[in-house]
Amino acid sequence: MKRTIIYLLIGILFGITMFKSEAASWFRIYEMFRFEAFHMYGIIGTALFLGLVTIQVIKRFKIKSFYGEKIHFPPKQKSFARYAFGGILFGLGWALAGACPGPMFTLLGAGFLPILIVILASILGTFVYGLLKDRLPH
Amino acid sequence: MDWIYEPWPWYISGFMIALIMFLLIMVGKNFGMSGNLRTICTICGSGRKVDFFKFDWKAQRWNLIVVLGAIIGGFIANHFLTLEATIALNPNTIADLQTLGFENAGETYMPTELFSSSVFTDIKSLLVLVIGGFLVGFGARYAGGCTSGHAISGLSNLQLPSLIAVIGFFVGGLTMIHLIFPLIF
Numbered sequence: 040m041k042r043t044i045i046y047l048l049i050g051i052l053f054g055i056t057m058f059k060s061e062a063a064s065w066f067r068i069y070e071m072f073r074f075e076a077f078h079m080y081g082i083i084g085t086a087l088f089l090g091l092v093t094i095q096v097i098k099r100f101k102i103k104s105f106y107g108e109k110i111h112f113p114p115k116q117k118s119f120a121r122y123a124f125g126g127i128l129f130g131l132g133w134a135l136a137g138a139c140p141g142p143m144f145t146l147l148g149a150g151f152l153p154i155l156i157v158i159l160a161s162i163l164g165t166f167v168y169g170l171l172k173d174r175l176p177h
Numbered sequence: 217m218d219w220i221y222e223p224w225p226w227y228i229s230g231f232m233i234a235l236i237m238f239l240l241i242m243v244g245k246n247f248g249m250s251g252n253l254r255t256i257c258t259i260c261g262s263g264r265k266v267d268f269f270k271f272d273w274k275a276q277r278w279n280l281i282v283v284l285g286a287i288i289g290g291f292i293a294n295h296f297l298t299l300e301a302t303i304a305l306n307p308n309t310i311a312d313l314q315t316l317g318f319e320n321a322g323e324t325y326m327p328t329e330l331f332s333s334s335v336f337t338d339i340k341s342l343l344v345l346v347i348g349g350f351l352v353g354f355g356a357r358y359a360g361g362c363t364s365g366h367a368i369s370g371l372s373n374l375q376l377p378s379l380i381a382v383i384g385f386f387v388g389g390l391t392m393i394h395l396i397f398p399l400i401f
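Residue numbers (the working numbering), protein chains in the order written: chain A, 40 to 177; chain B, 217 to 401.
Listed below in structure tokens is the structure:
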């Protein structure tokens, strides 16, 4: 129960951040792909820089989790095709719908009901990937 | 406290995202949102037909709670922490969007042409949302992650696969905005 509340609070923090940072705005995604503002690059760059330092510190000093467990960073499976093709398809959708899987849910909470269509379609897309998985280059 | 009603600057937002990833790591989890779409498929019963969805979804319940939080966070941010949700876009972007038919670019948080209730009866807008969402779901799972899983978590951990995926995100995004948008709008 206590852990559930922690996950919920982290999620609320994430939702507020996505909305207030405007990373959930379709307009900001469009502007980013036109290279006409630093805003989104600043957000991703700052998160990335701080994230990189954090993870290296956790690894170097073998920092344990809050519950005293060892922290694992499972390496990603080595491949080119799946990341390149999957990435390009994701990018096409990201720019068209102007939303990625986190902000989608934030927008739902913010009251933009048409985002439900995007969410349902993304669940369908995930399902179709599962259907075709073995026939796609990985 | 007036600052809270203003849009957050990029460095605050970037810091918050890194903090969220750090908190998730420190409670023994990881930061990645698209995995939830797979979990939802499994809960809906896809595992009976497709092996890819045969897994113990209860182990991923924590991430669904994070999603629930993201929904609540969106509600709180829009209703209590924002007075006027306009976006200070680059004037060039606004002019460009206006030529594409987005008349009130930046005056609202989302374009009314795609995200007001009237889209439910507009075939073209519906198609844009359906195709966009489908590609996001399909592409994220094919690539094994989305913006949070690859661009933040993966790159922070210096994963080459994530770099390939993020380059793919941009190749796709740039193609959509610069080559396909002029054809559809």
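Note that beta-carbon positions come from the ideal geometry of N, C-alpha and C, so glycine has one too.
Through-space distance from residue j to residue i, alpha-carbon basis
i	j	result
residue 101 of chain A	residue 88 of chain A	20 Å
residue 276 of chain B	residue 58 of chain A	24 Å
residue 53 of chain A	residue 344 of chain B	26 Å
residue 243 of chain B	residue 314 of chain B	46 Å
residue 400 of chain B	residue 264 of chain B	38 Å
residue 90 of chain A	residue 335 of chain B	38 Å
residue 120 of chain A	residue 127 of chain A	11 Å
residue 61 of chain A	residue 319 of chain B	19 Å
residue 224 of chain B	residue 78 of chain A	10 Å
residue 116 of chain A	residue 165 of chain A	19 Å
residue 292 of chain B	residue 306 of chain B	27 Å
residue 294 of chain B	residue 301 of chain B	8 Å
residue 271 of chain B	residue 354 of chain B	19 Å
residue 358 of chain B	residue 218 of chain B	43 Å
residue 221 of chain B	residue 297 of chain B	5 Å
residue 348 of chain B	residue 237 of chain B	26 Å
Supposed contact pair residue j and residue i - C-beta distance, whole angstroms, cut 8 Å
i	j	result
residue 230 of chain B	residue 131 of chain A	Not confirmed; about 25 Å, so no contact.
residue 94 of chain A	residue 112 of chain A	7 Å
residue 147 of chain A	residue 156 of chain A	So it is not a contact: roughly 11 Å between Cβ atoms.
residue 241 of chain B	residue 158 of chain A	About 26 Å; that fails the 8 Å criterion.
residue 161 of chain A	residue 376 of chain B	The Cβ separation is near 26 Å, so there is no contact.
residue 289 of chain B	residue 55 of chain A	4 Å
residue 382 of chain B	residue 49 of chain A	Residue 382 of chain B to residue 49 of chain A, Cβ: 23 Å. No contact.
residue 279 of chain B	residue 255 of chain B	7 Å
residue 384 of chain B	residue 123 of chain A	5 Å
Cβ of residue i within 8 Å of any chain A Cβ
i	result
residue 308 of chain B	yes
residue 234 of chain B	yes
residue 328 of chain B	no
residue 224 of chain B	yes
residue 363 of chain B	yes
residue 402 of chain B	Residue 402 of chain B falls outside the range modelled here, since chain B spans only 217 to 401, and no answer is possible.
residue 386 of chain B	yes
residue 339 of chain B	no
residue 174 of chain B	Any answer about residue 174 of chain B is impossible in this case: the structure gives chain B only from 217 up to 401.
residue 252 of chain B	yes
residue 264 of chain B	no
residue 368 of chain B	yes
residue 354 of chain B	yes
residue 322 of chain B	yes
Amino acids of chain B, ordered along the chain, whose beta-carbon sits closer than 9 Å to that of residue i
i	result
residue 100 of chain A	Per Cβ cutoff of 9 Å: no residues; residue 100 of chain A is ~13 Å from chain B at best.
Any chain B beta carbon closer than 8 Å to residue i
i	result
residue 73 of chain A	yes
residue 57 of chain A	yes
residue 41 of chain A	no
residue 174 of chain A	no
Partner residues on chain A for residue i, Cβ-Cβ distance less than 8 Å
i	result
residue 299 of chain B	Here the premise fails: no neighbours, minimum Cβ distance about 12 Å.
residue 313 of chain B	66 and 69
residue 275 of chain B	Under the 8 Å cutoff, chain A gives no residues; its nearest Cβ is about 13 Å from residue 275 of chain B.
residue 288 of chain B	47, 50, 51, 54 and 148
Proximal residues of chain A, C-beta to C-beta of residue i below 9 Å
i	result
residue 336 of chain B	152, 153 and 156
residue 398 of chain B	Residues of chain A passing the Cβ test: none, with the nearest at roughly 12 Å.
Where residue i meets chain A, residues with beta-carbon distance less than 7 Å
i	result
residue 268 of chain B	169 and 172
Where are the beta strand (DSSP E) runs, 3 residues long or more, that stay fully inside the segment 122-171 of chain A, in chain order?
Complete beta strand (DSSP E) runs here, min 3: none at all.
Which runs of the alpha helix (DSSP H) spanning at least 4 residues fall entirely within the segment 226-293 of chain B, listed in chain order?
Fully enclosed alpha helix (DSSP H) runs of 4 or longer: 226-242 and 251-259.
Which runs of the alpha helix (DSSP H) spanning at least 4 residues fall entirely within the segment 71-117 of chain A, listed in chain order?
Runs found: 78-99.
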